[in-house]
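One structure is given below, encoded as structure tokens.
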Amino acid sequence: MKDITHIRADFPILKTKVYGKPLVYFDNGATTQKPQCVIDTVSDVFTSYNANIHRGIHSLSDKASEEYEKAREKVRSFINAGKREEIVFTSGATSSINAVAFSFGERFIENGDEIIISHLEHHANIVPWQMMCERRGAKLKVIPINDNGEIILGEYYKLLSFKTKLVAIAQVSNALGIILPVKEIIEAAHSANVPVLVDGAQGVQHGVTDVCAFDCDFYVFSGHKIYGPTGIGVLYGKEKWLAELPPYQGGGDMVENVTFEKTTYNELPFKFEAGTMNFPGAIGLGTALDYLLSLGRENIAAREKELLDYATNRLSGIEGLHIYGGSPFKISTISFLLNNIHQYDTGMILDKLGIAVRTGTHCAQPVMDRFGIDGTVRASMCFYNTIEEIEYLGTGIEKVISMFS
Ligand code: PMP
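Residue -6 is where the sequence shown starts when you use the working numbering, and the numbers rise one by one after that.
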């Protein structure tokens, strides 16, 4: 892997100062920073070949369409999907989940059916299912978690029944950084003939994700959390499902033939891509994936493990600091609270030191409720962070404690 100085040089924002201090960016779970190559790609689209895709026969439109479809192929290959028809571009993980919740609900869900999610889910993987359940008269069942924040598989197996029509789970919890036993969850669901949606928003950027090895039925993620642009996301669906599901939005490009009497839909994946898509975003996402491949995904995972181990050790040595999610199966995220100090105060003081952390419920209120707290401080690290930055965070936290003592 490239050395850290060169990696950091790829991300222009990392030179920023906050309150006169060098930026220490530990909010990668919320969104990641962009390497120069991604910024250049998006700029190049607008500078050199901006034209609506799949519409014109003129050269610019051809070029934009070609680059957009190349990006689809890059996504397919990155997550090892079988076919490009199985890759749908959306505006993000949230819209991908909503798309499945709507279309799957319309097609397959009836009164009394059940959907299983876990207690660790982000609101984006809770609310769309609640809305679907309300619309279709179905019930939401929740896999509980233990005191370490790990889901209790035994309870999941008990929830699975002939009423279960879909399981939707995160690959990694955004609030605690815990990796879920996705493979076991999918195997059990499939042995009951139940399809599984995996929310990969916090998983896809931390190593190798292979949707064929998972054998998941749907997989979703957001471009902005994997070093790509905002407003672009991915919905992977096995062809057999996507072919069966009705489109969730109507409009240009998703149709084959339109008359006032009857409209027929375009082939996959275009059936699910109504209107002008975010093609600069998709093309930029393609460049982000190329960038990660050039670093090596195993290298990224190894480096992030090093950062996690160092940070866990450093922070757990601070008296009065409590880490939530003590599981050994984690990505490089640490969620914590300081005794008698509100997370907003901690976050605000750290910000004055140039350290960006996330505070609050992390859009996972049920996780906070489970632990009887109203939020945490979350430091989410990635491969461009350094041991020195973790040390600086440790010293910053000690400063917060001393200010309140
Ligand atoms: N799922 C998880 C696990 C997440 O962390 C997030 C974003 N925090 C989402 C879904 C939603 O992603 P987006 O807001 O990019 O649609």
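In this text, a Cβ means the ideal position worked out from N, Cα and C, and glycines have one as well.
Note that this is a predicted model, so its numbers are computed, not measured.
With H, G and I counted as helix, E and B as strand and the rest as coil, what does DSSP make of residue i?
i, result
"K399", "With the chain covering only -6 through 398, there is no way to say anything about residue 399."
"T280", "helix"
"I(-3)", "helix"
"I119", "coil"
"S373", "strand"
"R307", "helix"
"R129", "helix"
"G332", "The displayed chain sequence assigns Asn, not Gly, to residue 332. Coil, per DSSP."
"H183", "helix"
"K255", "coil"
"Y12", "coil"
"H355", "coil"
"A275", "helix"
"I324", "coil"
"T269", "coil"
"K151", "helix"
"S398", "coil"
"L386", "helix"
"L159", "strand"
"V31", "helix"
"N292", "helix"
"G226", "strand"
"S96", "helix"
Run the proximity test for residue i: is its beta-carbon closer than 6 Å to any non-hydrogen atom belonging to ligand 1?
i, result
"G196", "no"
"T269", "no"
"G85", "yes"
"N91", "no"
"S373", "no"
"D192", "yes"
"S215", "yes"
"H(-1)", "no"
"A117", "yes"
"N418", "Any property of residue 418 remains undetermined from this structure, which presents the chain solely from -6 to 398."
"G21", "Reading off the sequence shown, one finds Asn at residue 21, where the question assumed Gly. Checking every heavy atom of ligand 1 against the Cβ of N21, none is found closer than 6 Å."
"A349", "no"
"K167", "Reading off the sequence shown, one finds Asn at residue 167, where the question assumed Lys. True, at least one ligand heavy atom lies under 6 Å from that Cβ."
"A161", "no"
Please name the residue in the options whose C-alpha comes closest to that of residue i.
i, options, result
"E232", "S70, K8, V31, G75", "G75"
"S287", "S215, P5, C30", "C30"
"F19", "L7, V213, G13, Y12", "L7"
"G347", "G353, I383, A357", "I383"
"G310", "I(-3), T388, R48, I179", "T388"
"Q164", "H115, K132, V187, I32", "H115"
"F214", "I162, E237, N259", "I162"
"L159", "G274, D302, E180, I324", "E180"
"I225", "G196, A281, T305", "A281"
"V201", "V189, A185, I219", "I219"
"I0", "A357, R351, K27", "K27"
"D33", "D3, G22, K10", "D3"
"G279", "E297, E299, T326, H217", "H217"
"L190", "H199, D210, I178", "D210"
"G313", "K255, Y284, A94, K392", "K392"
"C375", "E177, I145, K156, Y303", "Y303"
"G85", "A236, G244, N378, N118", "N118"
"S41", "T25, Y385, S52", "S52"
"A294", "T326, T354, A23", "T326"
"I80", "L308, Y212, G340, L386", "Y212"
"P188", "G196, F155, A194, D338", "F155"
"A267", "E254, G277, E249", "E249"
"L146", "I178, S166, A168", "I178"
"S242", "P222, A94, G196", "Strictly speaking, residue 242 in this sequence is Gln, with Ser absent from that position. Nearest C-alpha to Q242: A94."
"F39", "T24, I50, A57", "A57"
"F272", "D(-4), K63, V11, P5", "K63"
"F275", "K(-5), S36, T(-2), N21", "Going by the sequence as given, residue 275 is Ala instead of Phe. Taking only the C-alpha atoms, the option nearest A275 is S36."
Is residue i close to chain B? Criterion is C-beta to C-beta, closer than 7 Å.
i, result
"A94", "Considering every chain present, this structure includes no chain B. It has just one protein chain."
| query | For the 8 Å Cβ check, are there 3 or more pairs between the stretch 116 to 126 and the stretch 143 to 156? | reply | no
| query | Does the count of Cβ pairs from the stretch 94 to 101 and the stretch 50 to 69 closer than 8 Å reach three? | reply | no
| said: Check whether the stretch 263 to 275 and the stretch 162 to 176 touch, using three or more Cβ-Cβ pairs below 8 Å as the test. | reply: no
| request: Please determine if the stretch 77 to 93 and the stretch 130 to 144 are in contact, where contact requires at least 3 C-beta pairs separated by less than 8 Å. | output: no
| the stretch -1 to 15 touching the stretch 334 to 349, judged by at least three CB pairs closer than 8 Å | yes
| task | Flag this pair as touching only if the stretch 362 to 372 and the stretch 316 to 335 have three or more C-beta atom pairs under 8 Å; answer yes or no. | result | yes
| Does the pairing of the stretch 105 to 120 with the stretch 128 to 135 give three or more beta-carbon distances under 8 Å? | yes
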